[in-house]
Amino acid sequence: MKRTFASIFRKEMIHIFRDVQSLFMVLTMPILMLLLYGYAITLDMKGIDIAIIDQSHSPESRSLVEHISSTDFFRITARDVPVDSVSRLFNSRTVRCVLVIPQDYARELVAAPGPQVQLLVDASDPNAANFINNYVGRVISEENVRLSGHSPVLFNVSPRIFYNPDMRSADFFVPGLIGLILILISSLLTSIAIVREKETGTMEQLLVSPIKPLQLILGKVLPYTMLGFIDGVLILVVGSLWFNVPITGSLVLVLTMMLIYVVTGISLGILVSTLAKNQAIAMLAAVMLTILPTVMMSGFIFPIASMPKALQYVAAIVPATYFMEIIRGIVLKGNTLANLYQPAGILLAMDVLLIVLATRLFRVRLE
Amino acid sequence: MSNQRPAEGDASAKTAGRDGFAVEVQDLTRTFGDFVAVDHVSFSVARGEIFGFLGANGAGKTTTIRMLCGLLLPSGGRGTVAGYDIMRDYERIKLRIGYMSQKFSLYDDLSVRENIEFYGGMYGLGRGEIADRIDNLFESIGLAEHADKLAGSLPLGWKQRMSLAASLLHDPEIIFLDEPTSGVDPVSRRSFWLLIYALADRGKTVFVTTHYMDEAEYCSRISIMKLGKIVELENPHRLKERYGVSTMQEVFLKAVAGSDI
Amino acid sequence: MHRIFYIVQKEFRQIRRTKAYFGLIFVAPFVMLLVMGSAITTEVKHVPVVVLDRDHSPKSREIVNACAASSSFSFLGMVDSQAAAKELLDDGKVKLVIDVPAHFARDVATGAAPSVQVLVDGVDGNSAGVGLGYVTAMLAQVQARWAAERPSRMPAGPAQISVVPRMWYNPNLESKLNFVPGLIGVLLVMMTTFLTAVNIVREKEVGTLEQLMVTPLASLELMIGKIIPFAILGFAQLTMSVIAAGVVFGIWMKGGLLTFYAMAAVFALSTLGLGIFVSTLARTQQQAMFIAWFIMIFALLLSGFFVPIENMPPFIQYITYVNPLRYFITVLREIYVKGTEFRFMWREALAMGAIGVAAIVSASVRFQKRVK
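Below, the structure written as structure tokens:
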């Protein structure tokens with residue numbers, strides 16, 4: 004029994020190493036994707052186009068404007084345009100927001116309550132609008148502190164940021180990208196595996212040898228898992244070195260978890276292609292069901308807690324959801340298995356389930 | 021339809037009295053990198069001939085056909101098909117030839133009728149013309165009862181006929197058949213050849229490749245290809261005489277073994 | 189011309205017999221929009237919070253009650269030590285801990301201004317920032333209430349600047365308005381690029397493409413013949429998506445239908461062109477699917493759908509110029525949320541058109557009838 008498994012395993016390995024083109028692609032694409040998306044995906048905003056309408060033209064108003072433009076958050080694209088041109092400015096996307104300082108600004112600064120400034124924001128991107136609002140709010144509070152000499156507060160709020168003190172986007176997204184890229188690569192690998200199956204005629208193998216479907220599935224899953232794992236290690240190394248993402252927890256734990264996750268990805272891929280062999284459209288549906296949930300519903304960018312309950316249940320069956328938790332936990336929070344036994348256990352259970360399903364369905368297909 | 025074979029000497033009889041060959045090539049060559057698939061091949065096919073190309077897989081038969089049909093650019097040599105130069109006027113050739121590939125390229129999810137109507141349209145035939153011709157074609161090929169079935173549901177023998185029909189709707193002078201009978205049962209194979217004879221009788225030139233030895237005997241002339249070169253080109257009867265054997269199988273084995281390529 | 193008609197007729201006959209297309213056009217938009225549209229939100233809700241109350245005074249209890257009452261938080265209770273709090277943070281069970289120090293109430297009364305610590309799980313910077321903002325706002329409210337209750341010993345106070353924000357087009361800052369229009373574009377590109385590429389490569393694999401090359405059909409005729417049916421299918425799906433967005437989320441476009449379809453037409457040209465180009469790169473359907481996938485992921489992640497393009501480093505912003513989805517997402521948001529007119533979006537239309545033409549031209553260069 005072990006012999007037939009070993010021979011399939013060996014055969015797949017030979018095929019893999021002979022197919023230089025695919026091999027090259029499988030090893031370089033993840034790194035390219037990591038570099039590209041690692042830079043692209045960031046929620047840190049800067050260079051926001053703003054128009055300043057300063058109707059006061061006083062030293063005080065100029066000081067406020069300077070304070071606001073002192074960082075690279077804003078880029079002043081227009082100054083002192085007529086108020087009724089705001090609509091056109093927003094429509095042509097010249098600016099995202101407009102700060103209007105009224106004529107009586109300096110006068111109102113003399114005594115309480117104080118002046119009002121208007122902040123007009125193109126809220127078609129509500130996230131950006133929030134950021135802008137918060138930023139301006141912060142600047143204004145700083146101004147207010149300066150104006151009042153001391154802050155008349157009853158108590159202070161002092162935040163302590165854990166795990167990611169500078170709240171860098173890269174620290175959040177790069178580990179997440181590892182999860183995303185690994186599932187993409189696993190699907191690519193299974194596709195290569197399936198094509199090989201067609202070319203080499205697995206059916207013949209099955210008919211000729213007394214092999215059990217389980218051995219066949221495992222014999223296919225394992226070589227590609229190894230490749231996927233190598234990919235994972237590569238991305239981890241590049242990700243942490245290039246983007247300066249620290250690996251706080253145990254490296255061994257990270258690698259073990261990656262291995263489990265890659266097996267999940269590949270088993271899922273093989274299961275999907277066993278089902279969807281005939282129609283390209285079934286494949287498209289399968290793609291939509293694996294890639295899209297991973298990107299949109301695994302907590303990669305969008306917090307799961309914010310989703311409607313029903314969708315949180317859906318997120319619970321997406322393998323990437325657990326991996327995201329695991330990898331961010333280990334890499335950023337220094338989690339150990341004690342913290343993570345639940346998601347790890349679920350991933351492992353998924354591995355077993357998927358392989359069993361794939362084996363069952365394969366047998367059915369034979370008959 | 022009687023089981024007629026073209027008599028000896030028929031080939032030369034047909035060329036006499038007509039001007040020009042249906043297909044004529046000289047030193048036709050095709051390389052893929054270092055590999056020479058077709059090596060300076062020369063031959064002529066007269067109108068109305070059934071010209072056969074015999075050879076093992078990879079001998080260069082399909083590559084030759086593809087060059088003649090304008091699917092592949094020759095690396096060297098010259099040729100004409102239906103009077104048109106294969107290097108320059110390959111698009112003009114297409115209207116006058118029919119082609120049936122090894123794979124019986126058909127749309128499985130269209131009916132027989134829909135498939136043939138489609139190809140009629142590709143060859144520029146109008147709705148009325150197609151309608152006129154299609155029923156006659158079905159009659160002569162024997163597809164009438166299957167006309168509205170999905171092509172994918174037909175057994176292999178009928179797919180083969182459908183593929184042939186699709187290549188004939190525009191009434192081409194020359195028909196190229198690339199291993200048209202591969203995988204088909206012997207009974208269907210024979211009735212297919214009866215169709216080919218009927219075509220030749222109507223004056224069409226048939227250029228066919230095969231690796232079935234018995235089919236070689238049905239051709240006016242047969243050429244044997246080995247490793248891209250033609251090692252024999254002759255009427256099958258005369259070949260058997262020359263080699264002193266009674267079957268084409270033996271001719272082939274001797275011809276291919278004998279040439280020291 | 190006449191041959192194009194036959195190609196289109198053949199495609200439709202095949203499409204009619206493939207049931208899956210109906211699912212893609214009529215069912216997929218609703219399902220996808222429902223699921224994805226509900227899932228995708230950058231709003232931060234139900235932040236799990238615990239309070240570490242070292243003071244146990246009426247004032248600290250007020251803070252606890254404010255937490256429990258707040259709709260932004262999911263108040264999970266109290267902890268007794270910082271170690272316990274840290275463990276909850278490590279396990280990911282809470283994202284925020286409010287640590288009220290001992291003698292809090294006393295220090296507030298004497299004007300010693302104690303510090304309330306807020307421990308934040310900073311892994312997700314966005315959520316962390318927003319969550320912290322919620323806490324700060326909540327505590328500011330508590331402060332304001334206490335200040336109002338006190339007899340006013342303090343002078344009237346200095347002048348303070350206040351900001352009056354006006355959110356144009358989306359006053360409630362609903363993130364759905366941001367994402368749902370984008371999803372319409374995502375669905376469309378999936379349908380057009382992926383299916384066109386796979387369709388043509390399937391003909392390559394089966395051998396019917398070779399059969400077509402033997403006929404007098406010109407490559408351009410073939411491409412147009414393939415574009416037309418998929419363009420029509422794409423529009424059908426697009427219309428369904430628009431209806432789905434309206435029915436499921438109540439989001440209807442503010443701008444003009446004509447502008448919308450005109451933009452969609454140019455976008456479809458670019459995605460179909462890309463699909464055809466992809467088909468010239470792949471030899472098998474599997475390959476075609478993969479190339480199409482990677483292009484779609486690229487198009488998706490670098491389109492401004494998830495993350496604004498202005499956030500990205502300049503060199504990546506340059507790369508996005510070749511992504512037709514980037515322009516279409518912009519256009520969709522403009523038309524849906526702001527009702528922008530065509531004249532403000534001609535650049536986007538031009539870019540999409542140029543990409544489409546370039547793709548088709550490149551494809552026809554590669555698509556030689558005679559193999560060299």
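Residue numbers (the numbering used here), protein chains in the order written: chain A, 4 to 370; chain B, 21 to 281; chain C, 189 to 560. Heads up, the beta-carbon is just placed ideally off N, CA and C, and yes, glycines get one too.
Any Cβ of chain A within less than 8 Å of the Cβ of residue i?
i	result
M540(C)	no
Y449(C)	no
N366(C)	yes
May I ask you to report which of helix, strand or coil DSSP gives residue i?
i	result
V257(A)	helix
S350(C)	strand
Q24(B)	Its pLDDT being 42, under 50, Q24(B) is placed unreliably in this model, and the coordinates cannot settle the point.
R558(C)	coil
G141(C)	This structure gives no information on residue 141(C), because the portion of chain C shown stretches from 189 to 560.
K249(B)	strand
T35(B)	Model confidence at T35(B) stands at a pLDDT of 38, short of 50, so the residue's coordinates are unreliable; what they give is reported in the following sentence. DSSP places T35(B) in helix when its eight states are reduced to three.
V84(A)	coil
F76(A)	coil
N159(A)	strand
W178(B)	helix
C239(B)	coil
E231(C)	coil
F165(A)	strand
T403(C)	coil
Y291(B)	With chain B represented from 21 up to 281, any question about residue 291(B) goes unanswered, as that position is not in the structure.
L214(B)	helix
Q106(A)	coil
State the start and end residues of the unbroken beta strand (DSSP E) segment that holds residue i.
i	result
L145(B)	First-last for L145(B): undefined, no H or E at that position.
H60(B)	F55 to V65
F227(B)	T225 to T230
G118(B)	I117 to M120
V267(C)	F261 to V267
G99(B)	G96 to V101
G72(B)	I70 to G75
Please list, in chain order, all residues of the same chain as residue i whose beta carbon is under 6 Å from its beta carbon, the five residues on each side excluded.
i	result
I216(B)	V226
Y40(A)	L180
Count the other CB atoms, across all protein chains shown, that sit within 10 Å of the CB of residue i; report buried if there are 16 or more and exposed otherwise.
i	result
Y509(C)	exposed
G299(C)	exposed
H60(A)	exposed
T447(C)	buried
P226(A)	buried
Distance cutoff 8 Å, beta carbons only. Does residue i sit that close to anything in chain C?
i	result
F138(B)	yes
G141(B)	yes
Y127(B)	yes
D354(A)	no
K336(A)	yes
Y42(A)	yes
G268(A)	no
I233(A)	no
S208(B)	no
Go through its chain and collect everything with a Cβ distance to residue i's Cβ below 7 Å, but skip five positions before and after it.
i	result
L360(A)	L274
F232(A)	M261, L262 and V265
L219(B)	I195 and V226
At the 8 Å Cβ level, is residue i part of the contact set with chain B, yes or no?
i	result
P417(C)	no
V559(C)	yes
M401(C)	yes
R390(C)	no
I380(C)	For clarity, residue 380(C) is Thr in the given sequence; the question names Ile instead. T380(C) does not count as touching chain B.
Can you give me the start and stop residues for the alpha helix (DSSP H) that residue i sits inside?
i	result
A301(C)	Run containing A301(C): none; DSSP gives neither H nor E here.
L30(A)	V23 to A43
I483(C)	Q473 to L489
What residues in its chain sit with their C-beta under 8 Å from that of residue i, if we drop five residues either side in the sequence?
i	result
F365(A)	P216, L219, I220 and T277
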